[in-house]
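Q: Residue numbers (my numbering): 19 to 162.
For glycine and all other residues, C-beta sits at the position ideal for the given N, C-alpha and C.
Keep in mind that this is a model prediction, so the values were computed, not measured.
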């Protein structure tokens with residue numbers, strides 16, 4: 019009978035949900051924060067997965083309008099690279115809405131975002147990813 023209880027225990031463990039990473043999530047270092055603020059005019063960079071996992075949201079806050087112009091320029095192509103999954107995610111373009119990203123003139127203190135399509139759920143929470151927007155390049159951001 020012990021094998022039946024072991025099977026029931028493993029079934030209940032599987033039903034409890036996905037395993038969480040044992041590693042603590044870390045934000046970028048203060049040196050990295052200073053670099054992004056002084057070079058690109060942004061801070062508070064975040065990469066989050068939606069509940070379904072089909073979309074990855076990259077957001078940032080503008081601290082210097084002049085330096086942040088390139089990130090909101092719709093002519094600068096945006097991509098999210100995942101070295102672990104060996105994929106490049108793009109910003110989806112909806113037929114009536116257009117690209118799922120904000121492309122207005124930035125204002126200091128406001129948060130801006132863009133969404134990347136993760137069809138197939140290649141990028142998962144806990145992964146480290148790189149974000150490219152024109153000449154902007156942010157390495158090693160952790161997906162929350």
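(1) Based on the DSSP secondary-structure assignment, which residues constitute the bridge partners of residue 102?
(2) Which runs of the beta strand (DSSP E) at least 3 residues long sit entirely within the segment 99 to 162? Give them in chain order.
(3) Please state whether the Cβ-Cβ distance between residue 145 and residue 100 is less than 8 Å.
(4) What does the alpha-carbon distance come out to for the pair residue 87 and residue 56?
(5) Taking the alpha carbon of residue 62 as the point to measure from, which residue in 108, 73, 48, 105 has its own alpha carbon closest?
(6) May I ask you to list the residues that DSSP assigns as paired with residue 67?
A: With the given structure in hand:
(1) For residue 102, which the question treats as bridged, DSSP gives no partner whatsoever.
(2) 105 to 108, 129 to 135, 146 to 151, 154 to 160
(3) yes
(4) 13 Å
(5) 48
(6) 74
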